[in-house]
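Chains as they are written, first to last, in the working numbering: chain C, 237 to 601; chain S, 17 to 641.
Given below as structure tokens:
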């Protein structure tokens, strides 16, 4: 039943790039957490297991034809929406936010799943509807609702970072589907107005983050600490870096969250501009390649899936790097494949699996 | 057969793909540019910030410069003081650690807790002192038990040590923590809070030279401030060494001789003004200040009625009493109002007018008295008569030229100027004219006349050297670290008076008789080894009592301490070739002959015996014995 062409069309190089980034990430994690004396497994080893699980997910995702997703897309979407509502009702609260629910012993983060499900749902929607001159404002209401509903529920948790990413992913897909200039302009204007109005709806800590982003020095030991320390780490890397395991910012723990959200700072300190550019090229490669897969996809649904996944990767990378090097406010967005964490690994690898699925089935009609 | 049309049918897809790819590459380029900005343009700035993050500078206190006497005997030293401190970040179970420490050193745990609370505001990586200056034994106990005392450490820092205890404490002065006010002044730029500085006397005057330069330890710390390793160290530079003009042997002899009495003693080299001994008692223990004085100790010092904190050499002003008689004699001889042969009949009383009568200390009188006998036996009537004849202004002129009535220029200690009255002074001060009776009592060093012990010693030195008043010098030389001499004393003349040889001979001869001839007031203090000359003085603290009261007193009543006379003695030695002058003031000591002269005697004895011994050593060394 398994078509041999699938193996030939399996994009090994792409997987290799993914693997390369992941391994660099693990090495970096080894460096940043080596000073920790843990009785349990060291962090980098755990990340190895997560990577193994990720690869398994890629393989599993590749097994079934992505086109089956087309029928499942709205039930999946509906189910995920339900979970998001459930989170608000019975979710587990930690650090002022309710993001998790317990499902049969597993802690599930529905907002994270939504990153994939929104791609599937919108892919389904946009592949069905086509407007030669692009979507008008009126025609955008339906996809807008599909996107807006989960985004609102996620903001409510509150998880501004994830909500923003979901919106970015959906927005990118819509733009790719084509939006009329008039709709684009009016959306842009109302978006700005909403941002102004939304300021008053933000939580204090969210306002703090934005203010501190604009001027980290206003709270150098508090909210501004992360960004100041991160910039110091990145900047002191220089051209060639301080060397593996020699970055003082990370080794002496001045850098917070250095194996999760700020993993790239550690890398930048120890490998310098040379290492950073190499990593940037690799990340750029997987995004461009994703777009390439979209272009050459067998059908419109596959194309939108690939666009969505590429957008997801792209926005994660850009938001995380932008935050780490002080271009964007600190929002808790991990760097795909590089930051420690199972959730991020599962989401990313599911996306990667879908991407490869689309890519390897482009000739199967 | 697909549900959807193929993407190829979507118009402009390729264009969208190209635009999207360009946007992606563009945004990644922005990230790359930003990295270039941070890592290439900003590298120096961020490396510096990173350095500042991880490097802490810890000052290492420099040992203060040591102080020696003129022969190189160490007078003020430093010793290591062990302080038990706690690094708060390293303490897990505080209660257990404090209990262990308390048991070990036998201290109250509450005391430790108090220090802990007081230091809450300090950075956690900085050691917080718990117990200062524990002994070496206690230190070893703590070191041995360090396993059970996580976070407890013993720090060593140099603090002042005084091998001679209280000796010459007023000369050295004391140390104290630099005050918050001082820290704001430019003089104290570079001082850190808690640092010890010289507060008085030599320690204060030579603060710049004694302080040295603190060293620095650069340590690498992690974000919690835990010291990881020492990066570099700059060793502290000890302060410069001070060599004083003081002679430790003489100083000690003087301190011992004065004993528990209150008073002051000064010994000067008559030929250059070098201070050989400088005693003010009672005194304080400078070691208390070095380790940080307790408030009860401070209270005890300032409430003591005998003023241990007052430097009596410089700030004690006493009526010179009969020690002033040489001044009057020289003034009279110079003015021609008396010759050495001038005779006055002393029957114990001097009648100025029908209503004013002044007594001689010897009620029976001295009979026929000339200058020699007047000084030797300290006849008051001779000086009443001659003094009145000479007049107060001429006496004052002689006094000034012998170093009295004005500051000697001693470099520290806010010395007082004493007081030599003149007619003009009285007019200005009180608005009234001068009375003859005031000249009469001034002639025996009472009334308005006041002098400091240092001035009295200067006067004795000037008599000994023929009329030169030298500026008193206390520092012989200052030696820097490399052993090079950084500063050397230059003797400085204040005044020089050419008294006639005859006058000097007469006065000196009489002073010699005071000690060495039968009937001299200090005859009992004569010394076989060295002939010294001197003059006793007994200065009244309160108005002399009437005959009636005096008779009552003789019945055996004890006069209250604060009403007893001050005992004085000024002197120089040896008589044939004067080298050293000594002034002794014993507060409320009674008579100069019995309380003050024996002290000078003890000093001369020690000084010349030591000098001979030192010379013998040199002689032996030279002859290769």
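Ideal Cβ positions, reconstructed from N, Cα and C, are used throughout, including at glycine.
Item, Value
"State the start and end residues of the unbroken beta strand (DSSP E) segment that holds residue 495 (chain S).", "491-495"
"Quick check on residue 288 (chain S): buried or exposed, where buried means 16 or more other Cβ atoms within 10 Å of its Cβ?", "buried"
"Using a Cβ cut-off of 8 Å, pull out every chain S residue sitting near residue 404 (chain C), in sequence order please.", "None at all; the shortest Cβ gap to chain S is about 12 Å."
"Roughly how many whole angstroms lie between the Cα atoms of residue 541 (chain C) and residue 67 (chain S)?", "48 Å"
"Identify the residues that DSSP records as bridge partners of residue 214 (chain S): which are they?", "S:191"
"Can you tell me where the beta strand (DSSP E) with residue 582 (chain S) in it begins and where it stops?", "582-589"
"Use the C-beta contact count for residue 495 (chain C): other C-beta atoms within 10 angstroms, 16 or more gives buried, fewer gives exposed.", "buried"
"Pull up the distance between the alpha-carbon of residue 280 (chain S) and that of residue 235 (chain S), whole angstroms please.", "51 Å"
"Going by DSSP in three states, residue 94 (chain S) sits in which element: helix, strand or coil?", "strand"
"If you follow the beta strand (DSSP E) that residue 70 (chain S) is in, where does it begin and where does it stop?", "Element bounds for residue 70 (chain S): not the beta strand (DSSP E) but the alpha helix (DSSP H), 59-70."
"Determine the extent of the alpha helix (DSSP H) in which residue 530 (chain C) is found, giving its start and end residues.", "499-531"
"Here's a check: name, in chain order, each residue in its chain whose Cβ is nearer than 8 Å to the Cβ of residue 599 (chain C), leaving out the five neighbours to either side.", "241, 245 and 534"
"In the DSSP assignment, find the unbroken alpha helix (DSSP H) run with residue 493 (chain C) in it and report its ends.", "Unbroken run through residue 493 (chain C): none, as it is neither H nor E."
"Does any residue of chain S have a CB that is nearer than 8 Å to the CB of residue 544 (chain C)?", "no"
"Apply the 10 Å Cβ neighbour rule to residue 203 (chain S) and answer buried if 16 or more other Cβ atoms are within range, or exposed otherwise.", "exposed"
"In chain order, what residues of the same chain have a beta carbon less than 7 Å from the beta carbon of residue 135 (chain S), not counting five sequence neighbours either side?", "144"
"Kindly indicate which three-state DSSP category residue 574 (chain C) falls into: helix, strand or coil?", "coil"
"Please report how far the alpha carbon of residue 519 (chain C) lies from the alpha carbon of residue 318 (chain C), in whole angstroms.", "34 Å"
"Does residue 29 (chain S) have its Cβ less than 8 Å from a Cβ in chain C?", "yes"
"Which term fits residue 651 (chain S), buried or exposed, when burial requires 16 or more other beta carbons within 10 angstroms of its beta carbon?", "With chain S covering only 17 through 641, there is no way to say anything about residue 651 (chain S)."
"Nearest chain S C-beta to residue 420 (chain C) closer than 8 Å, yes or no?", "no"
"Tell me whether residue 439 (chain C) is buried or exposed, calling it buried when 16 or more other Cβ atoms sit within 10 Å of its Cβ.", "exposed"
"In terms of residues, what are the limits of the beta strand (DSSP E) holding residue 361 (chain S)?", "360-362"
"How many Å lie between residue 274 (chain S) and residue 524 (chain S) at the Cα?", "26 Å"
"Ordered along the chain, which non-local residues of its own chain (more than five positions away) have a Cβ less than 7 Å from that of residue 199 (chain S)?", "207 and 209"
"Cβ of residue 47 (chain S) less than 8 Å from any chain C Cβ?", "yes"
"If contacts are defined as beta-carbon pairs under 8 Å, then residue 500 (chain C) and residue 571 (chain C) qualify, I think. What distance do you get, rounded to the angstrom?", "6 Å"
"I need the straight-line Cα distance from residue 190 (chain S) to residue 214 (chain S), nearest angstrom please.", "6 Å"
"Leaving out five residues before and five after residue 568 (chain C) in sequence, what residues of the same chain have Cβ atoms less than 7 Å from its Cβ?", "397 and 497"
"Given a limit of 9 Å on CB to CB distance, which residues of the region 458-471 of chain C reach chain S?", "464, 465, 467, 468, 469, 470 and 471"
"Please classify residue 251 (chain S): is it buried, with 16 or more other beta-carbons within 10 angstroms of its beta-carbon, or exposed?", "exposed"
"Using the DSSP secondary-structure output, state which residues sit across from residue 343 (chain C) in a beta bridge.", "C:338"
"Between the C-alpha atoms of residue 17 (chain S) and residue 583 (chain C), what's the straight-line distance to the nearest angstrom?", "In this predicted model, residue 17 (chain S) has a pLDDT of only 38, less than 50, meaning its place in the structure is not dependable; the value taken from the coordinates is given anyway. Their Cα atoms are separated by approximately 31 Å."
"Examine chain C for any beta-carbon lying closer than 8 Å to the beta-carbon of residue 323 (chain S), and answer yes or no.", "no"
"Alpha carbon to alpha carbon, how far is residue 596 (chain C) from residue 476 (chain C)?", "39 Å"
"Below 8 Å, can you find three or more Cβ-Cβ pairs linking the region 612-622 of chain S to the region 587-603 of chain S?", "yes"
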